[in-house]
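> Dropping the structure in here first, questions after.
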Amino acid sequence: MSRTAAVTFKGTPMTLLGSELKVGEAAPEFTLHYFEGGLKTLTNSDLRGKPAIVSIVPSLDTGVCQIQTKRFNSELAGLGDKVQA
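Every number in my numbering is 769 more than the matching position in the sequence shown, counting from 1.
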């Protein structure tokens with residue numbers, strides 16, 4: 770399933786693939802690769818047991834990504850141990 774113009778990038782409509790998740794719906798299987806002192810992997814099974822929030826940005830070297838990440842961390846701090854991130 771594709772969703773045309775679901776988001777924009779620099780004003781240009783972009784097409785997203787896959788169905789939109791609904792509140793309470795389980796996320797599809799996924800694997801993320803990230804760098805934290807070395808290359809690491811995160812999957813759905815790593816996040817089972819508590820609601821989870823995952824924030825993904827292309828690069829922290831950009832102003833928008835920095836702002837999003839700072840806001841994410843600020844909001845997350847207010848949730849305490851209710852969620853994992």
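Virtual Cβ for every residue (Gly too), placed ideally from N, Cα, C.
Just so you know, these numbers come straight off a predicted model, no measurement behind them.
#1: Just how far apart, CA to CA, sit Ser-814 and Gln-835?
#2: So Ala-795 packs on Leu-785, CB below 8 Å; how close in whole Å?
#3: Mapping the DSSP letters down to three states, classify Arg-840 as helix, strand or coil.
#4: Just curious, the beta strand (DSSP E) that Ala-775 is in, first and last residue?
#5: What did DSSP end up calling Leu-848 once you bin it into helix, strand or coil?
#6: On the three-state DSSP scale, how would you describe Leu-790?
Per the coordinate set shown:
#1: Taking the first residue of the sequence shown as 1, we reach residue 814 at position 45. Taking the first residue of the sequence shown as 1, we reach residue 835 at position 66. In this structure, the CA atom of Ser-814 is about 28 Å from the CA atom of Gln-835.
#2: Here residue 795 is taken as the residue at index 26 of the sequence shown, counted from 1. Here residue 785 is taken as the residue at index 16 of the sequence shown, counted from 1. Taking the Cβ atoms as the reference, Ala-795 lies roughly 19 Å from Leu-785, outside the contact range of under 8 Å.
#3: Here residue 840 refers to the residue found at position 71 of the sequence shown. Looking at Arg-840 - three-state DSSP - the assignment turns out to be helix.
#4: To locate residue 775, count along the sequence shown from 1; it is residue 6. Ala-775 -> beta strand (DSSP E) spans 771 to 778.
#5: The residue you call residue 848 lines up with position 79 of the sequence shown. In the three-state DSSP reduction, Leu-848 falls in the coil class, being neither helix nor strand.
#6: Here residue 790 is taken as the residue at index 21 of the sequence shown, counted from 1. Residue state, collapsed to three classes: coil.
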